[in-house]
Amino acid sequence: MTSVDGGGGGGPLEKNRTKVGANVGADVVGKRRSVRAAAAGTSSAAPAPIICVDTETYDKQLGDKVERVRTQFADFFSGELEVFRSKKKHYRMRSEFRIWHDYEQGTEKDLYYVMFQGGGHDQKRFRVDDFDVGSELLNRLMRKIIEGVRGNEVLSKKIFQANFHTTLSGQAMVSLLYHRKLDEEWKAEAEKLRQQLATAEGLEEGHIPSLIGRSRKQKEVLGVDHVTETLRVCGRDLSYRQLEGNFSQPNGGMCINMLEWAVKHTRPEGGEPKDDLLELYCGNGNFSIAMAENFRRCVGTEISKRSVAAAQHNIKANGVENVVIARCGSEEFSAALLSDKMKSFKRFEQQGLDLSECDFGTVLVDPPRAGLDDDTVKLVSKFGTIVYISCNPETLCENVKALSETHDVAHFALFDQFPYSHHVECGVVMRKRAKGKRAREAGGAGEEEDAAKAKK
Ligand SMILES: C[S@@+](CC[C@H](N)C(=O)[O-])C[C@H]1O[C@@H](n2cnc3c(N)ncnc32)[C@H](O)[C@@H]1O
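So the sequence shown is residues 1 to 456, counted in full-length UniProt numbering.
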């Protein structure tokens, strides 16, 4: 078996029906094999990719996560953990696969999707024909793509990866990655394949999925390089442009749960908005747009220029008039806000917003796995209410520990965004303590008065 795949390690091929049992990350049961067994033997201890799931183990895997989170955060929260269950199958809207080429005497015999476990000499690869984790639309497109590429000399030549992005609304885009320049001949064949994708069941009426070819310093877009997702949040349909290659919450159903949870816990008493929201790491405006009616104004910052452009598009598309988003790294924004260097925020002024007039009562952060830097923790600690969304309980725990000097945890949610894996998504609402009082001394878990606001 020879590989033209730059990333291929050449380990033995595992069966594609790798089945995920309970407590994944420790127990991944393949067709009668487990990662734990492999780790004890010759292979690395890295969890095998989740390809085929055993839905009967869902409750146990979620129960294990609940226990783990409860234990990890016991020093900060003893109230009721809100647990949000995922769909047991077909919950993931996007996924990436390497493409493996099998050769015999210099002739290509087969080509298929693979996923890897581990690295280096111990790397194992798993053939993927069906992908239980991916949405049903994603599975249908996977089949159409592999059928279209297999045996097509132009489309298969030096292809090494396929990335799929689908939506609950029935839109999709597929990116094909190559180790060669893409020419007119490729475009013509790719367009024929794109028309084949349009026949997939489950697409929004009239929608033709986009097909994007990528090679070094080259990007060929057949269609557009984004999809439009529609999420029904608290009874309203919200429309979000999601970009190829940029962040979007991977589990569409769980994203709705996360948005509704954030809306619910920031609803103003009496229903009338009283103050403003600051959102850091706002991506395409996902949270601010959903939460806008709870605040007089929502101000968001985000480091990715493309995501900021998508956010600005989404603000208009949803007819939301009180959200302003600008490009800025959280570290830079926090350091400047702490030192009162307001001049540096021309990007907000250009949009008619004077930050010094904002009355921020609440901050929402949804950082990458690394969590918050020191300046951002310091800035966030000045707010009356902190809403922290996190995909990494380790960094969340460190940050909650630092913030617990001034705040108590009022609400804690576990969103099962990544079923059967060891990954956990959490949501935490922290409220500022009245001076000198700790929640436990006050007899409750953070139900104290929402004290001083970080007035700027
Ligand atoms: C976990 S995502 C959350 C995005 C958004 N809240 C959502 O729900 O789609 C983290 C976001 O932080 C952005 N980001 C990463 N590092 C950053 C930084 N240093 N400053 C500001 N934004 C950053 C990423 O581009 C990404 O959009």
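Just so it is clear, CB atoms sit at the ideal spot from N, CA and C, and this is done for glycine as well. Computed from a predicted model, the values in this text were never measured in an experiment.
Range covered by the alpha helix (DSSP H) that runs through residue i
i       : result
Met-254 : 252-265
Arg-68  : 58-72
Ser-78  : Per DSSP, Ser-78 belongs to no alpha helix (DSSP H) and is neither H nor E.
Ile-289 : 286-291
Leu-355 : Per DSSP, Leu-355 belongs to no alpha helix (DSSP H) and is neither H nor E.
Asp-375 : 374-380
Any non-hydrogen atom of ligand 1 closer than 7 Å to residue i Cβ
i           : result
residue 501 : In the structure displayed, the chain extends from 1 to 456; residue 501 sits before or after that span and is not available.
Lys-249     : Looking at the sequence itself, residue 249 is Gln, so the reference to Lys does not match. It does: the Cβ of Gln-249 is within 7 Å (strictly closer) of some heavy atom of ligand 1.
Pro-268     : no
Asn-314     : no
Gly-329     : yes
Phe-287     : yes
Asn-257     : no
Cys-298     : no
Ile-212     : no
Asp-374     : no
Cys-426     : no
Asn-284     : yes
Ile-303     : yes
Cys-391     : yes
Ser-239     : no
Asp-416     : no
Ser-334     : no
Asp-340     : no
Ser-307     : yes
Sequence-distant residues of its chain with Cβ nearer than 6 Å to residue i (five each side left out)
i       : result
Leu-278 : Val-299, Phe-360, Val-363
Phe-116 : Gln-123, Arg-125
Arg-194 : Leu-211, Leu-222
Lys-274 : Pro-268
Cys-234 : Glu-260, Val-263
Phe-76  : Val-400, Ser-404, Val-409
Pro-419 : Ser-86
Ala-134 : The sequence given here has Gly at residue 134, not Ala. Taken in chain order, the residues that qualify are Arg-92, Ser-95.
Thr-230 : Ser-169, Asp-237, Ser-239
Same chain, Cβ closer than 7 Å to residue i, neighbours up to 5 away in sequence not counted
i       : result
Lys-109 : Asp-102, Tyr-103
Gly-148 : Leu-155, Leu-193, Gln-196
Glu-96  : Gln-161, Asn-163
Ala-39  : Residue confidence is low: Ala-39 scores 27 on pLDDT, short of 50, so the model does not pin down where it sits. No coordinate-derived value is stated.
Glu-80  : none
Lys-305 : Arg-327
Gly-213 : Leu-176, Tyr-178, Leu-182, Trp-186, Ala-190, Glu-220
Thr-2   : Confidence in Thr-2 is poor, its pLDDT being 27 and thus under 50, which makes the residue's placement unreliable; the coordinate value appears in the next sentence. Answer for Thr-2: Tyr-103, listed in chain order.
Asn-294 : Val-263, Thr-266, Arg-267, Pro-268, Pro-273
Endpoints, beta strand (DSSP E) assigned at residue i
i           : result
Leu-280     : 276-280
Asp-237     : 236-243
residue 463 : Beyond the ends of the chain as shown, which are 1 and 456, falls residue 463; an answer cannot be given.
Thr-230     : 226-233
Lys-219     : 218-222
Leu-211     : 210-215
Thr-301     : 298-302
Spatial neighbours of residue i in its chain, beta-carbon cut-off 8 Å, leaving aside the 5 residues before and after
i       : result
Cys-358 : Asp-276, Leu-278, Arg-297, Val-299, Lys-456
Lys-378 : Ser-334, Leu-338
Val-66  : Leu-81, Val-83, Leu-414
Lys-88  : Val-53, Thr-55, Tyr-58, Pro-419
Cβ-heavy atom distance, residue i to ligand 2, below 7 Å
i       : result
Thr-230 : The ligand content of the structure shown is limited to ligand 1, which means ligand 2 is not among them.
Neighbour flag for residue i against chain D, beta carbons, 8 Å
i       : result
Leu-222 : No chain D appears in the structure shown, which is made up of a single protein chain.
Taking one C-beta from the region 215-231 and one from the region 135-148 each time, how about it: are there three or more such pairs within less than 8 Å? no
So within the region 104-149, which uninterrupted alpha helix (DSSP H) runs reach at least 4 residues, ignoring any that extend past its ends? 136-149
Where in the region 148-203 do unbroken runs of the beta strand (DSSP E), each at least 3 residues long, occur, reported from the N-terminal end onward? 159-166, 172-178
Write down every uninterrupted run of the beta strand (DSSP E) in the region 382-426 whose length is 3 residues or greater and which is fully enclosed by it, in chain order. 385-390, 407-415
Evaluate the contact criterion for the region 367-383 versus the region 299-313: three or more CB pairs, one atom per stretch, below 8 Å. no
Check whether the region 382-390 and the region 418-427 touch, using three or more Cβ-Cβ pairs below 8 Å as the test. yes
Examine the Cβ distances between the region 154-166 and the region 182-197 and report whether three or more of them are shorter than 8 Å. yes
Closer than 8 Å is the cut-off here; do at least three beta carbon pairs connect the region 377-384 with the region 45-54? no
Closer than 8 Å is the cut-off here; do at least three beta carbon pairs connect the region 252-260 with the region 172-186? no
Entirely within the region 312-348 and at least 3 residues each: give me those beta strand (DSSP E) ranges in chain order. 323-327
For the region 393-410 against the region 231-242, do three or more pairs of beta-carbon atoms, one drawn from each stretch, fall closer than 8 Å, so that the two count as touching? no
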